[in-house]
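Take a look at the structure set out below.
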Amino acid sequence: MYVGHFALGLLLASLFPAVPPAASIVGSTWLDLINGVSTMVGVNRVAPNLSAGPFLFFDLVFIDWDHSLLMAVVLSLIWAGFYARNGATAAAVAFVASFAHWACDLPFHNGDLAAYPHSVEHYGWGWWGRYLTYAWLLEGAFSALCIALAYGLFARRGVDITRAVVTCVILFLNLSPWTSPMYYIAQAGHPADYLLHGAAVTLGFAIPGYILGSMVKNAEARAVKSASRKAN
């Protein structure tokens, strides 16, 4: 899953306006930020596979240190710790945002989510492999639902997140079965393939996460200024 993580982050941000938006939006990508770095340094193992749809074009051979169930809990606790000084609610939201990443990945991943590092038992319902392009559309439907709910909740407080919505649409279309840069990265040859894969994952989540978080923060600030002007 890709844009679905950002969409869920936006929804959590709309539900908990007192919590810094980054706790939810960046938190929803935290596991993949680590995943990309782990891939580049060789902790994770990925293998090019042009038939691995709908948009990844890689088999995730070993991703246990960031996407196993146990490590998802551990890393989510670490992310929550970053927001402990903001209060218990902020820490709890940060944890939920991070762990929800794993939960949202579960239906799509092809049995590559271990119970714990080097575990024999693996999870993943395999929607990517079973439904291919339809899995991408399912993610789009999930994302649209989350974004619509978030848009409505923000709008109730006078916060306009139209720019964030447009950004999510662009992200969704960018990582489609026909436009995914992973198709070309998978053909780069070793070791460029896994290095570029890791860089694309980390940057592909870090940059949009920062942009979306900033957009929401700025939209909140504009809403406060607007309300202040009306009050005066």
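Going by mature numbering (1 follows the signal peptide of the UniProt record, and there is no 0), the letters in the sequence shown line up with residues -24 to -1, 1 to 208, in that order. Where a beta carbon is used, it is the ideal one built from N, C-alpha and C, also for glycine. Fair warning: this is a prediction, and the values are worked out from it, not measured in the lab.
* To do: Check whether the Cβ atoms of Y99 and L82 sit closer than 8 Å, and answer yes or no.
  => yes
* Is it true that the CB of P153 sits closer than 8 Å to the CB of G29? -> yes
* **Counted within 10 angstroms of its Cβ, other Cβ atoms place Y160 as buried (16 or more) or exposed** => exposed
* Euclidean distance between Cα positions of I183 and Y(-23) -> 13 Å
* Which same chain residues, not among the five before or five after L32, have their C-beta less than 6 Å away from its C-beta? -> Contacts found: M158.
* **Contacting residues, own chain, Cβ-Cβ under 7 Å from F148 (five flanking each side not counted)** => When the five nearest sequence neighbours on each side are left out, the beta carbons in the same chain lying within less than 7 Å of the beta carbon of F148 are those of V(-22), G116 and S119, in order along the chain.
* Which of the three DSSP states, helix, strand or coil, is assigned to L32? -> It is coil, neither helix nor strand.
* Asked: What are the boundary residues of the beta strand (DSSP E) that includes V22?
  -> Counting along the chain, the unbroken beta strand (DSSP E) around V22 starts and ends at R21 to P24.
* Compare the C-alpha of V37 against each of L7, H85 and V145 and name the closest. => H85
* What residue from L129, W78, A(-7) and H173 has the CA that sits closest to D40's CA? -> W78
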